[in-house]
Each structure stands twice: as C-alpha cells, then as structure tokens.
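Undergrad:
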Amino acid sequence: MGRTAVEELDEAEAKTELAELARQLDRANRAYHAEDSPEISDADYDALKRRNAAIEARFPFLKRADSPSEQVGAAPSEGFGKVRHARPMLSLDNAFEADEVREFDKRIRRYLGLMPDEPLRYTAEPKIDGLSLSLRYESGRLAVAATRGDGAEGEDVTRNALMVADIPDRLSGAPEVLEVRGEVYMSHVAFAELNARQEAAGRRLFANPRNAAAGSLRQLDPEVTRERPVGFFAYAWGTVSAALAETQMKAIERLAELGFRTNPLARLCDGPDEMLAHYGEIEAQRATLGYDIDGVVYKVDDLTLQSRLGYRSTTPRWALAHKFPAELAWTQLLAIDIQVGRTGALSPVARLKPVTVGGVVVQNATLHNEDYIAGRDSSGNPIRDGKDIRVGDWVQIYRAGDVIPKISDVDLTRRPVDSQPFSFPEACPECGSQAIREAGDSVRRCTGGLICPAQAVERLRHFVSRAAFDIEGLGAKQVEQFYRDGWIAEPADIFTLGARYGDDLRQRQGWAKKSVQNLLASIERRRTIPLNRLIFSLGIRHVGESASMVLARRYGTWEAFEQAVTQAQVGEGPEWADLIDADGVGPVLAASLVTTFAQDEERASIDRLVKQLTVEEVARPAAASAISGKSIVFTGTLEQMTRAEAKARAEALGARVVGSVSAKTDLVVAGPGAGSKAKKAAELGIETIDEDGWMALARGE
Ligand code: IVH
26 MGRTAVEELD EAEAKTELAE LARQLDRANR AYHAEDSPEI SDADYDALKR RNAAIEARFP
86 FLKRADSPSE QVGAAPSEGF GKVRHARPML SLDNAFEADE VREFDKRIRR YLGLMPDEPL
146 RYTAEPKIDG LSLSLRYESG RLAVAATRGD GAEGEDVTRN ALMVADIPDR LSGAPEVLEV
206 RGEVYMSHVA FAELNARQEA AGRRLFANPR NAAAGSLRQL DPEVTRERPV GFFAYAWGTV
266 SAALAETQMK AIERLAELGF RTNPLARLCD GPDEMLAHYG EIEAQRATLG YDIDGVVYKV
326 DDLTLQSRLG YRSTTPRWAL AHKFPAELAW TQLLAIDIQV GRTGALSPVA RLKPVTVGGV
386 VVQNATLHNE DYIAGRDSSG NPIRDGKDIR VGDWVQIYRA GDVIPKISDV DLTRRPVDSQ
446 PFSFPEACPE CGSQAIREAG DSVRRCTGGL ICPAQAVERL RHFVSRAAFD IEGLGAKQVE
506 QFYRDGWIAE PADIFTLGAR YGDDLRQRQG WAKKSVQNLL ASIERRRTIP LNRLIFSLGI
566 RHVGESASMV LARRYGTWEA FEQAVTQAQV GEGPEWADLI DADGVGPVLA ASLVTTFAQD
626 EERASIDRLV KQLTVEEVAR PAAASAISGK SIVFTGTLEQ MTRAEAKARA EALGARVVGS
686 VSAKTDLVVA GPGAGSKAKK AAELGIETID EDGWMALARG E
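Residue numbers are given in this note's numbering: position 620 of the sequence shown equals residue 645, and the series is strictly consecutive.
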C-alpha cells in the first residue's frame with residue numbers, strides 16, 4: 026500500500042499515523058451512519074483497522090484514548106439503523122432427549138385438552154445453524170430486512186439482503202403485508218472458499234459458517250455481501266395482512282410458491298414416534314447436507330391450534346427445538362480464575378489450552394461453583410464419579426449449541442503427579458471481603474456489596490448493556506474507566522455526569538468536543554426509559570429480561586411496581602401472593618426483588634436513579650380488550666378450554682388471573698360445579714359469567 030512497514034516506523038511517525046487513522050476511521054464510520062453513503066469499501070475499512078491494531082501492538086504506550094480499536098460497537102455494528110419488529114422474533118425451547126419430545130406432545134395435549142388417542146400433527150424440519158432474518162414485503166416489494174437483534178428490535182440490513190440470491194426483491198400474488206422469517210446461512214463450500222480468500226489476503230479467518238454468514242450480512246458494503254454467497258431458508262412468518270394457509274406445512278408451501286427457498290427435509294409427523302424417526306433421518310444426513318444444522322424443530326401443524334397455544338414470554342408453546350448431542354473434545358486445564366459477578370457470586374472459570382469443539386475455538390469453560398470442581402453436586406452426591414478438577418488436568422469439553430462450554434470429564438490417567446486439589450477462595454479476590462456460602466446456596470458470594478469494586482463495576486456494565494440502558498458511546502469500557510476515576514459510582518451518577526464533569530471530560534485526552542457532546546446527548550435521550558428496561562437494568566438477582574417484561578406488563582407503571590414490591594413480605598400476605606402469581610415470577614425471583622427493595626442502601630440507590638428518569642409505562646398486552654387490567658377468577662369446570670389455556674388467554678388479553686375471590690376481583694368465570702368462590706362473588710356483588718360468556722370474551726367479542 027506504499028506505507029512504511031510497521032516494524033520500521035519510529036515513535037514520532039507512529040504517533041502521527043495513529044492520529045491520522047483515528048481520523049479516517051471516524052470519518053468512515055460517520056459517512057456510513059449519518060449519510061448512509063460509505064466512502065470506503067469494507068476491505069479498505071478493515072485494512073485501516075488492521076494497520077491501526079498493528080501499530081498499537083508495537084507501540085502500546087501510544088495507544089490513543091479514542092483509539093478506534095476500543096470503540097464500543099464501532100462500525101459495522103453501529104452502521105445499521107434500528108428496526109422495531111412488528112411482531113417479536115422469538116427463540117425456541119430446547120430439548121436434548123427423546124423423553125423431552127414425548128413430554129412436549131403431552132404438555133400440548135394437556136393444554137389443549139386433547140385425549141391421547143386424538144390425532145395431533147406436527148412438522149419436523151432441520152434447525153439451520155445461521156442467523157435469523159425478518160423480511161417485510163409491502164405490496165410485493167421488499168421494504169425492510171432486519172436481523173433478530175434482541176427480538177424486539179434488530180438492525181436494518183435491507184441493502185445487504187437484496188444481494189442475497191435466495192431473497193426475492195419482488196413477490197407476485199403475496200398478501201399486501203407479509204413478513205417472511207427464516208435463516209441466513211453459509212454452505213460449507215462457500216465458507217471454505219471465503220476463508221481461503223481471506224487467508225490469501227492476510228485477513229481474519231472466520232471460525233465457522235455461522236459467523237461467516239453473520240459477518241457477511243452485516244457488512245457496511247452490500248457489494249461485499251454479494252461476494253460472500255449466503256443462502257436463506259424461509260421457515261416462518263411475522264405479520265401478514267391475510268393468512269397464508271391453515272397449516273404450518275401449507276404455509277411453508279405457499280412461501281415456496283411465492284419464490285422462497287424452503288427446506289426439503291420438512292415432513293409431517295403424526296406424533297412423537299414419527300417425529301423421533303424423522304429426527305434420526307435428518308441426523309443421519311447431517312454430515313452430507315453441505316450446511317450446518319444443529320437439531321430438528323417440531324411445530325404444531327394446525328395454525329388454529331398454534332394460535333390457541335400462543336407464546337410464553339420468549340418462546341412459542343407450539344414449537345420445540347430438539348438439539349443434536351453436544352460436541353466433545355479433550356484439552357488441558359491451564360488455570361482456574363475466579364470472577365466476581367454483579368450479585369457478588371464468585372464464579373470459577375477454566376482457562377484452557379485452545380481447542381476446537383464443533384467448529385468453534387474454545388479457551389474458557391464454566392466450572393459453575395466449588396462443589397462442581399470438587400466432583401459433587403449441590404446435595405453432596407458424586408458427579409463425574411467423584412473426580413475433582415485440578416489445574417494441569419486433561420479435561421473433556423462439552424459444547425451444546427450456544428451455551429457456555431462446560432467440563433464434562435477428567436482423565437485421571439494423565440493427571441500430573443504433583444497436582445493439588447483446587448482450594449476455593451473464602452475471601453473475595455477483588456475486595457478482600459469475606460465470601461460466604463449461605464445454607465442451600467451452591468454459590469459463594471462476596472459480602473462486600475456496594476463497596477466491592479468488582480460488583481459495582483459489573484452492575485454498571487450490566488446497567489449500560491444492550492438490553493438495559495444501552496447508552497450510545499457509554500459501553501462497558503467507558504463506565505469502567507469512569508468508575509476507576511471516581512466519576513461514577515452507581516447508575517444514578519451517569520445522569521449527573523455532564524453537570525459534574527462535563528468540563529473535565531472536554532479537557533480529557535482523546536475526548537473530542539463532538540464525542541463529549543454526543544455522549545451527553547445520548548445520556549439525555551435515555552432519561553426516558555420503558556419500565557421493563559428499567560427493572561432489568563437494576564441487575565437484581567434472578568430478574569432477567571423476560572421476567573422484567575412480565576413484571577412491567579403486570580404493573581404498568583413504576584409507581585405501581587414499586588408499591589407492590591415494597592408492600593410485599595416474603596412468603597406471606599396477599600401482596601406476596603399477588604407478586605408470585607405472575608407467569609414466570611416464582612417465589613425465588615419474588616423473594617430476591619422484595620429483599621433487595623427492603624435493603625436501605627440498595628433502595629436509596631434505586632431511588633436516586635429513578636429520580637433522574639422519566640419511566641415510560643408499558644402497555645398491558647392487547648390493552649383494548651374488554652378485560653384488560655381486570656382481575657379474574659376461574660372456578661368450576663371449563664369444558665371448551667383447559668384452565669392453563671384460559672389463564673394464558675386471559676393474560677394475553679391483559680387481564681390478571683388470581684386464585685381467590687376478594688373485593689378486588691373484577692370478574693368471576695364460573696363453570697359447572699362452581700362452589701364457594703361463586704358464592705362469595707355473589708355476596709360481594711362481583712360480576713359472574715358462565716363459560717359461554719367467557720368464550721365470547723376470549724374470542725375478543
Ligand atoms: S421457527 C417462533 N424453524 O432457531 C419461532 N427456527 O433457537 C420461530 N431456527 O431464532 C422459529 N432453523 O433463528 C424455526 N426451521 C427452523 C429454524 C429456526 C433455525 C433458528 C431461529 C430461531 C432459533 C431458536
């Protein structure tokens with residue numbers, strides 16, 4: 026390229042060039058985001074980044090504070106606009122064993138109230154190991170192509186999708202609005218060719234076809250997508266203005282007629298025996314398909330039944346992914362590190378001699394907790410025949426799908442003679458506070474709380490993570506830095522950062538005026554936040570993304586949520602009953618919430634945060650329904666729907682289903698045989714309807 030070789034640069038030249046590279050890369054990023062017109066090709070962009078990294082590697086002390094290699098979410102990931110999915114893109118429930126498949130069928134029958142001898146059909150098709158994509162067609166033209174993202178919001182990759190041969194840009198005879206969903210993947214041949222070209226050009230190799238497909242689709246330069254042939258299989262749909270068909274199989278056939286590629290191995294199966302037989306057939310062909318699959322997906326064929334079954338918070342009830350067995354490999358355990366998480370948990374991590382497991386290079390594995398290392402489960406029973414895990418051991422790595430690799434076995438014959446059992450620390454390696462294990466807990470936890478820097482940093486990192494506040498320009502690296510400088514100690518501080526340190530920040534090396542302005546502006550934008558994100562961002566143990574959504578939908582506003590949690594007492598009273606009644610909020614999660622809110626310091630920190638914010642109400646689902654926001658009691662026998670279905674249906678319509686009748690109950694549905702509850706409702710003057718009345722409501726009439 027006519028540039029001086031990195032080895033020959035002197036310090037002054039290196040410094041000048043790093044400044045120039047920072048400028049060029051920043052400009053390239055902005056050209057793409059703001060103007061949507063990339064000025065340089067993806068290859069040139071990569072070359073600049075590589076050059077920058079090489080110079081930094083040789084002169085680490087010259088690395089700039091605004092180094093392009095440290096840029097959080099730098100292009101290409103930031104180069105795409107966001108797209109909100111009209112219907113969320115969900116994931117699938119997983120199974121590994123045949124029994125779980127039979128259980129899936131039983132669960133569905135129970136839910137629908139079907140007898141074992143009544144027919145119930147499923148489709149069975151390969152689970153493609155790629156990345157999912159949603160294609161929205163309006164009036165027969167591809168309007169938007171979006172990646173899955175967090176399920177609710179993905180990235181706009183329309184221009185790149187248009188470069189994929191399997192993705193039609195026009196459809197004829199399609200419904201006015203049609204969202205086609207499927208998987209982008211790369212064949213083994215295309216993958217090998219791509220990596221050969223990458224290698225010849227001295228560029229980064231892709232670890233596996235899935236990464237290569239994802240990397241290719243998320244290119245700044247759509248022309249590069251064209252050069253990296255990816256395929257697309259359509260297997261599902263989102264919003265449609267007119268139903269595609271009455272069954273899953275026919276809907277997929279319809280997509281094929283419209284011009285999409287669909288997987289030829291999809292079959293109809295009458296029950297678990299046939300499903301498992303087809304699983305066996307697909308597995309037998311796995312090695313010769315020419316693309317990666319990681320299991321078989323079963324779906325209830327009848328679309329009316331699918332819609333009756335509906336969804337849990339992140340997965341449909343009517344589908345199951347039956348994964349292929351995990352991949353295994355042996356390697357040596359080099360060290361055991363202890364990481365301190367945001368809830369203080371001390372998590373042992375295995376550092377491994379790098380090994381390829383099912384196409385992915387693995388260097389770390391989880392060791393769960395001290396019992397697991399010692400070779401026993403939480404009740405003290407031996408696991409791995411009681412073999413403990415020691416540094417220096419040869420260990421078997423197990424990797425199933427996307428989950429973090431685990432250690433499944435130890436080869437005692439190769440154990441170094443001088444090896445020692447691992448002694449698990451009893452003090453926090455980060456703050457020195459005592460680390461204790463409470464009765465019944467398998468995990469040892471640092472008792473340092475907010476004084477433990479590891480916990481504080483992890484909380485802040487969690488707070489700014491993608492599913493939480495997701496503040497542009499404030500990634501894990503930046504919050505960590507601000508924490509170390511004493512500028513930010515807790516989430517609330519982020520919102521006063523500008524007022525307290527705006528001037529210092531502008532003087533800070535590597536912070537251009539513009540980037541300070543951008544950062545403060547993106548913090549301001551996030552002062553308004555939906556309730557579910559706020560709940561999730563608090564980082565309370567057991568309170569994940571989907572539980573946060575459930576809670577937000579149930580309580581609607583921060584005030585209602587906060588009041589409910591503050592008033593509840595663990596294990597007793599109607600407030601507690603009310604809290605654990607929400608689908609997906611069990612007693613463990615509820616206890617964690619309630620005890621956190623009852624701790625003075627924690628509570629004060631939460632209050633300080635909320636004071637800085639405007640919390641957006643989260644609409645209860647289908648807020649327009651007649652029973653939205655109402656509290657319903659079912660009693661007696663239901664004949665047309667099982668209880669589970671009735672409860673799920675009522676919740677989907679925005680109502681809350683509670684177990685007992687009180688003055689707060691709005692509606693009682695009384696089937697035949699209703700007893701004391703119906704009587705009490707009559708005494709309290711609560712509206713009571715029969716099953717036919719309920720069915721009309723359930724249909725949305
Ligand atoms: S159906 C409502 N069918 O697997 C769920 N998904 O682990 C719609 N996947 O996010 C998904 N092959 O990206 C479905 N034949 C297939 C699939 C498939 C691969 C992916 C999809 C999904 C993930 C869940």
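The C-beta atom is built at its ideal place from N, Cα and C for all residues, glycine as well.
What's the C-alpha gap between Val385 and Ala232?
TA: In the sequence shown, the residue the question calls residue 385 occupies position 360. In the sequence shown, the residue the question calls residue 232 occupies position 207. One C-alpha to the other measures close to 6 Å.
Undergrad: At the level of alpha carbons, what is the spacing between Ala120 and Ala346?
TA: For the purposes of this step, residue 120 is taken as the residue at position 95 of the sequence shown. For the purposes of this step, residue 346 is taken as the residue at position 321 of the sequence shown. Rounded to whole angstroms, Ala120 to Ala346 spans 6 Å at the Cα level.
Undergrad: By the 10 Å Cβ neighbour count, where 16 or more other Cβ atoms means buried, how is Pro441 classified, buried or exposed?
TA: Indexing the sequence shown from 1 puts residue 441 at position 416. So Pro441 ends up on the exposed side.
Undergrad: Runs of 3 residues minimum, wholly inside the region 430-463: which ones carry the beta strand (DSSP E) assignment?
TA: Segments of the beta strand (DSSP E) lying fully in the region 430-463: 431-435.
Undergrad: How would you write the range of the alpha helix (DSSP H) that Lys689 sits in, first residue to last?
TA: Residue 689 sits at position 664 when you count from the first residue of the sequence shown. Looking at the DSSP string, Lys689 is not in any alpha helix (DSSP H), and its letter there is neither H nor E.
Undergrad: Given a cut-off of 8 Å on the beta-carbon distance, is the pair Thr713 and Ala706 in contact?
TA: Start at 1 with the first residue of the sequence shown, and residue 713 comes out as number 688. Start at 1 with the first residue of the sequence shown, and residue 706 comes out as number 681. Contact flag set, yes.
Undergrad: Helix, strand or coil for Val97, going by three-state DSSP, please let me know.
TA: By 1-based counting over the sequence shown, the position of residue 97 is 72. Here the model assigns Val97 a pLDDT of 36, short of 50, so the residue's position is not dependable, and the following value carries that caveat. Correct three-state label for Val97: coil.
Undergrad: Closer than 7 Å to a non-hydrogen atom of ligand 1 - does that hold for the CB of Pro115?
TA: Translated into the one-based positions of the sequence shown, residue 115 becomes position 90. At residue 115 the sequence reads Leu, which differs from the Pro that was named. Indeed, a heavy atom of ligand 1 lies less than 7 Å from the Cβ.
Undergrad: By DSSP, does Ala59 sit in helix, in strand, or in coil?
TA: If you number the sequence shown from 1, residue 59 lands on position 34. Confidence at Ala59 is low in this model, with a pLDDT of 38, below 50, so its placement is unreliable and the value that follows should be read with caution. Ala59 falls in the coil class under three-state DSSP.
Undergrad: With a threshold of 7 Å, establish whether the CB of Lys152 neighbours any heavy atom of ligand 1.
TA: As a first step, residue 152 must be located in the sequence shown, where it is residue number 127. Answer for Lys152: yes, Cβ within range of ligand 1.
Undergrad: Pick helix, strand or coil for Gly320, following the three-state DSSP scheme.
TA: Start at 1 with the first residue of the sequence shown, and residue 320 comes out as number 295. Gly320: strand per DSSP, three-state reduction.
Undergrad: Just mark Arg52 as buried or exposed, buried being the case when its beta carbon has 16 or more other beta carbons within 10 Å.
TA: Position 27 of the sequence shown holds residue 52. The residue is exposed, with fewer than 16 neighbouring Cβ atoms inside 10 Å.
Undergrad: Just how far apart, CA to CA, sit Gly696 and Gln331?
TA: On the sequence shown, residue 696 is found 671 positions in, with the first residue counted as 1. On the sequence shown, residue 331 is found 306 positions in, with the first residue counted as 1. The straight-line gap from Cα to Cα measures roughly 25 Å.
Undergrad: Report whether the distance from the Cβ of Val322 to the nearest heavy atom of ligand 1 is below 7 Å.
TA: Start at 1 with the first residue of the sequence shown, and residue 322 comes out as number 297. It does: the Cβ of Val322 is within 7 Å (strictly closer) of some heavy atom of ligand 1.
Undergrad: Who are the near neighbours of Asn672 in its chain, counting only those whose CB is closer than 6 Å to its CB and skipping five residues on each side?
TA: The residue given as residue 672 occupies position 647 in the sequence shown. The amino acid occupying residue 672 in the given sequence is Lys; Asn does not appear at that position. If we look at Lys672 and ignore the five residues flanking it on each side, its Cβ neighbours are Val682.
Undergrad: Give me the Cα-Cα distance between Phe507 and Ile513, rounded to the nearest whole angstrom.
TA: For the purposes of this step, residue 507 is taken as residue 482 along the sequence shown, with counting starting at 1. For the purposes of this step, residue 513 is taken as residue 488 along the sequence shown, with counting starting at 1. Each residue's alpha carbon lies about 6 Å from the other.
Undergrad: Tell me, to the nearest whole angstrom, how far the beta carbon of Ala593 is from that of Leu604; I am working on the premise that it is less than 8 Å.
TA: The residue labelled residue 593 in the question sits at position 568 within the sequence shown. The residue labelled residue 604 in the question sits at position 579 within the sequence shown. Indeed, because the Cβ distance is near 5 Å, the residues count as touching under 8 Å.
Undergrad: Do Leu167 and Ala190 have their C-beta atoms closer together than 8 Å?
TA: Residue mapping note: residue 167 aligns to position 142 of the sequence shown, counting from 1. Residue mapping note: residue 190 aligns to position 165 of the sequence shown, counting from 1. In this structure, Ala190 does not lie closer than 8 Å to Leu167 by Cβ.
Undergrad: Can you tell me which of the three DSSP states Gly523 falls into?
TA: Here residue 523 is taken as the residue at index 498 of the sequence shown, counted from 1. Helix.
Undergrad: Out of Gln49, Ser157 and Ser650, point me to the one whose CA is closest to Gly725's CA.
TA: Here residue 725 refers to the residue found at position 700 of the sequence shown. For Gly725, the nearest C-alpha among the options comes from Ser650.
Undergrad: In the DSSP assignment, find the beta strand (DSSP E) that holds Ile422 and state where it starts and stops.
TA: On the sequence shown, residue 422 is found 397 positions in, with the first residue counted as 1. Here the beta strand (DSSP E) through Ile422 covers Trp419 to Arg424.
Undergrad: Leaving out five residues on either side along the sequence, give the residues of the same chain with a beta carbon under 6 Å from the beta carbon of Ala99.
TA: Reading the sequence shown from its first residue, position 74 is the one you call residue 99. Reliability of the predicted coordinates at Ala99 is poor, the pLDDT of 32 falling under 50, and the value obtained from them is presented with this limitation in mind. So the list is empty, once near-sequence residues are dropped.
Undergrad: To which residues of the same chain is Val1 closer than 7 Å at the C-beta, ignoring the five residues directly before and after it?
TA: With the chain covering 26 to 726 only, the question about residue 1 has no answer from this structure.
Undergrad: Taking the beta strand (DSSP E) that Lys348 belongs to, which residues open and close that run?
TA: Residue mapping note: residue 348 aligns to position 323 of the sequence shown, counting from 1. Element bounds for Lys348: Ala344 to Lys348.
Undergrad: What are the boundary residues of the beta strand (DSSP E) that Lys727 is part of?
TA: There is simply no residue 727 to check, as the chain begins at 26 and stops at 726 in what is shown.
Undergrad: Among the candidates Lys107, Val169 and Lys152, whose CA atom is the shortest distance from the CA of Glu178?
TA: As a position in the sequence shown, residue 178 is number 153, starting the count at 1. Nearest of Lys107, Val169 and Lys152 to Glu178, Cα basis: Lys107.
Undergrad: For Arg470, tell me which candidate among Ala123, Phe129, Glu395 and Glu549 has the shortest Cα-Cα distance.
TA: Taking the sequence shown and counting its residues from 1, one reaches residue 470 at position 445. Nearest option by C-alpha distance: Glu395.
Undergrad: Residues in the same chain with beta-carbon distance under 7 Å from Leu293, minus the five sequence neighbours each way, listed in chain order, please.
TA: Along the sequence shown, read from residue 1 onward, the residue named residue 293 stands at position 268. Counting only Cβ-Cβ distances below 7 Å, and skipping sequence neighbours, we find Arg146, Thr148, Met274 and Asp326.
Undergrad: Using only the alpha-carbon positions, how far apart do Pro297 and Lys655 sit?
TA: The residue given as residue 297 occupies position 272 in the sequence shown. The residue given as residue 655 occupies position 630 in the sequence shown. Their Cα atoms are separated by approximately 39 Å.
Undergrad: Thinking C-beta only, is Ile422 closer than 8 Å to Ala354?
TA: Position 329 of the sequence shown holds residue 354. Position 397 of the sequence shown holds residue 422. Taking 8 Å as the Cβ cut-off, Ala354 and Ile422 qualify as a contacting pair.
Undergrad: Is the number of C-beta pairs between the region 39-47 and the region 194-206 that are closer than 8 Å three or more?
TA: At 8 Å Cβ cutoff, the stretches do not touch.
Undergrad: Less than 8 Å between the CB atoms is what I'm expecting for Phe447 and Val482, so what's the real figure, rounded?
TA: Residue 447 sits at position 422 when you count from the first residue of the sequence shown. Residue 482 sits at position 457 when you count from the first residue of the sequence shown. In fact, because the Cβ distance is near 25 Å, the residues do not count as touching under 8 Å.
Undergrad: So for Leu293, helix, strand or coil by DSSP?
TA: Residue mapping note: residue 293 aligns to position 268 of the sequence shown, counting from 1. The answer is strand: DSSP assigns Leu293 an E or B state.
Undergrad: In or out: Gly320 buried (at least 16 other Cβ within 10 Å) or exposed?
TA: If you number the sequence shown from 1, residue 320 lands on position 295. Result: buried.
Undergrad: Quick one: does the C-beta of Arg173 sit closer than 7 Å to a heavy atom of ligand 1?
TA: Translated into the one-based positions of the sequence shown, residue 173 becomes position 148. Checking the Cβ of Arg173 against ligand 1 gives yes.
Undergrad: What does DSSP give as the partner residues of Gly155 in its beta bridges?
TA: For the purposes of this step, residue 155 is identified with residue 130 of the sequence shown, where counting begins at 1. For Gly155, which the question treats as bridged, DSSP gives no partner whatsoever.
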